[in-house]
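Here the sequence shown stands for residues 82 to 264, where the numbers follow the working numbering.
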Amino acid sequence: VVYALLLAASAAALALFLWGATAGLLDRQTQAAIRADAQSLSERWHEAGLPGLVVSIEERIAGNIDDDAVYLLTDSMMRPLAGNLQRWPATVRASGEWRELRVQRAGITSLALVYAYDLPGGYHLLIGRDVQVRAQLRGLLSDALLWALLIVAAMGAAGALLVRSLLRRSLANVTATATAIAA
């Protein structure tokens, strides 16, 4: 049992490390891209005001080769001014919060990671990335790691039984020899 538990614990630690190294890395890259985008758009806001920001957002959408960028600029009444979303998501209420939510762009519903910003003058900016493919990859990775842990647990149990059997045989031989000597 101790053998099986040690094997399962080490396999679980390895699985957690792999999960953090892959799925965590993808999430960190997405957040870094959104932050960099936000920094650039913030600079554009300070340089050229609202008209410059609107032009920048439209240029970014037009130049987005991967078609994974999500933008929405609204006024104080939450009316869209620029971007590729039709309306502000109801679940995004406060500035400065990360949200993973379903969005509809160009008639297609997908999963996006978004971050909301409040701008001077009551304007609101939502910046995000489509993470549908990453979510599917995360699901595949989770399933693979779960199956791997189940296989390791089964192999650990089989190994524990084998070690137990070998130990019992060795003890049986020692017991038989001790009994013969005692007799």
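In this text, a Cβ means the ideal position worked out from N, Cα and C, and glycines have one as well.
Query raised in the report: Between Ala163, Val195 and Ile189, which lies nearest to Arg174 when the distance is taken from Cα to Cα?
Result: Val195
Query raised in the report: How about the segment 151 to 160 and the segment 205 to 214: do they share at least three Cβ pairs that are nearer than 8 Å?
Result: yes
Query raised in the report: Does the beta-carbon of Ile232 have 16 or more other beta-carbons within 10 angstroms, so that it is buried, or is it exposed?
Result: exposed
Query raised in the report: Ala96 and Leu226 look like a contact to me (Cβ under 8 Å); what is the Cβ gap, rounded to whole Å?
Result: For Ala96 against Leu226, the beta-carbon gap comes to about 5 Å, under 8 Å, which counts as contact.
Query raised in the report: Looking only at C-alpha atoms, which of Ala187, Tyr84 and Ser91 sits nearest to Ala229?
Result: Taking only the C-alpha atoms, the option nearest Ala229 is Ser91.
Requested in this report: Kindly indicate the opening and closing residues of the alpha helix (DSSP H) around Pro201.
Outcome: Pro201 -> no alpha helix (DSSP H), and no H or E assigned at all.
Report task. In the DSSP assignment, find the beta strand (DSSP E) that holds Gln120 and state where it starts and stops. Result -> Segment Val83 to Ala143 is the alpha helix (DSSP H) holding Gln120; no beta strand (DSSP E) there.
Query - DSSP state of Asp147 mapped onto helix, strand, coil - result: Correct three-state label for Asp147: coil.
**Report entry** Buried/exposed call for Arg254, threshold 16 Cβ in 10 Å
**Finding:** Contrary to the premise, residue 254 reads as Asn rather than Arg in this sequence. Exposed, by the Cβ-count rule.
**Report entry** Run of the alpha helix (DSSP H) containing Trp228, from where it starts to where it stops
**Finding:** Residues Gln213 to Ala263.
Query raised in the report: Counting Cβ pairs, one atom from each stretch, are 3 or more of them under 8 Å apart for the segment 175 to 188 and the segment 138 to 146?
Result: no
Report task. Could you work out which residue in Trp169, Asn165 and Ala143 is closest to Tyr198 when comparing CA atoms only? Result -> Here the closest residue by C-alpha is Trp169.
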